[in-house]
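One structure below.
Numbering (the UniProt record's numbering), first residue to last: 1 to 339.
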């Protein structure tokens with residue numbers, strides 16, 4: 001069950017909403033910093049583990065915490081929408097929406113259980129309350145180049161018209177936490193040359209590799225806007241392009257759980273649905289910090305636990321794609337769960 005507990009005050013439809021998700025125990029200053037750095041509409045979904053309900057102490061505390069940030073930063077009151085997402089049998093223990101005046105606090109049978117995270121349910125909850133024509137989806141610690149929205153919006157208005165199946169793909173990098181955050185492509189290139197920045201997850205998956213990177217770096221920046229560098233066909237099922245789109249694109253398949261192809265599956269469906277991926281100049285996203293071998297080991301262990309579910313989800317997904325989009329069965333790559 002999802003409920004929008006804070007609504008933005010902004011009513012400008014021709015904007016780009018940043019769609020974010022996090023869990024209740026991870027929301028804090030870093031999340032607020034990420035939202036403020038975007039500087040525009042944001043739709044955030046916050047998930048609670050099974051057993052939480054609207055009267056849980058954790059829920060009331062988080063509501064108050066967000067309210068304090070909203071009082072501190074007018075940008076949040078103007079642009080930020082927040083959804084609370086609950087799972088499990090106790091979510092109906094009280095009507096949602098009266099957090100501010102709540103005096104009844106219960107634990108709703110919270111248990112310390114291992115939680116299979118339905119990440120795409122949370123992503124979709126955030127998307128459903130995006131009120132602008134265009135959206136861009138990101139994860140925690142993802143930051144954008146300076147004036148990202150301002151530069152890419154004219155291109156979006158021109159190319160992403162009604163019924164358009166074009167999405168605007170931007171490159172994603174990872175930057176050392178101690179490095180100065182890059183604002184421009186020139187800043188990023190300096191970090192790239194001295195080894196303080198690299199393509200996102202290059203040393204682990206390399207699922208974000210896009211051809212023409214050097215040419216992209218060397219192309220002079222377009223003042224105040226951007227343009228298409230090239231169109232890239234979806235030929236590799238490992239590719240996970242990040243993009244700006246209209247909000248009419250398919251939703252994430254909710255049968256895919258973290259951390260096996262939960263985000264990539266949307267790109268698979270878009271390929272089958274006939275979407276075209278246009279790589280754009282100049283603008284980019286970056287993640288603060290590099291993934292550590294220790295972190296990757298933990299994720300690999302979780303993948304092992306989720307393998308059986310992922311394989312079943314893939315079988316159902318492929319059947320659905322063949323039913324909905326039979327003409328693209330042989331034009332898109334074979335979708336696999338490599339374990």
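A virtual CB, placed ideally from N, CA and C, is assigned to each residue, including glycine.
A distance below 6 Å between beta-carbons, with the five flanking residues on each side excluded, links residue 310 to the following residues of its chain, in chain order: 260 and 337. The region 159-167 makes contact with the region 227-246, as at least three CB pairs between them are under 8 Å. Counting C-beta pairs closer than 8 Å gives three or more between the region 30-50 and the region 114-125, which meets the contact rule. Within 10 angstroms of the beta-carbon of residue 213 lie fewer than 16 other beta-carbons, which makes it exposed.
Counted as a single uninterrupted DSSP element, the alpha helix (DSSP H) harbouring residue 76 occupies residues 74-79. Excluding five sequence positions before and after residue 62, the CB atoms of its chain that fall closer than 6 Å to its own CB belong to 24, given in chain order.
If one requires a minimum length of 4 residues, the alpha helix (DSSP H) runs lying completely within the region 140-195 are 148-159 and 185-193, in chain order. In this structure, residue 16 and residue 134 form a Cβ contact; the two beta carbons are roughly 4 Å apart against a cut-off of 8 Å. Note on geometry: alpha-carbon atoms of residue 8 and residue 300 lie some 38 Å from one another. When only Cα atoms are considered, residue 185 and residue 234 end up about 25 Å apart. Closest by C-alpha distance to residue 84, out of 53, 222, 78 and 76, is 53.
For residue 183, the CB contacts under 7 Å within the same chain, skipping 5 residues up- and downstream, are 145 and 146 in chain order. Burial is judged here by how many other beta carbons sit within 10 angstroms of a residue's own beta carbon; residue 1 has fewer than 16 and is exposed.
Taking the Cβ atoms as the reference, residue 20 lies roughly 16 Å from residue 73, outside the contact range of under 8 Å.
The residues 257 and 258, in chain order, have a CB closer than 7 Å to that of residue 117 in the same chain once the five nearest residues on each side in sequence are set aside. DSSP links residue 16 through a beta bridge to 134. A check of alpha carbon separations from residue 230 across 68, 171 and 57 identifies 171 as the nearest. The beta carbons of residue 79 and residue 50 sit no closer together than 8 Å.
Leaving aside the five residues that flank residue 150 on each side, none in its chain has a CB nearer than 6 Å to its CB. In the DSSP assignment, residue 285 falls within the beta strand (DSSP E) that extends over 276-288. For residue 197, the enclosing beta strand (DSSP E) starts and ends at 197-199.
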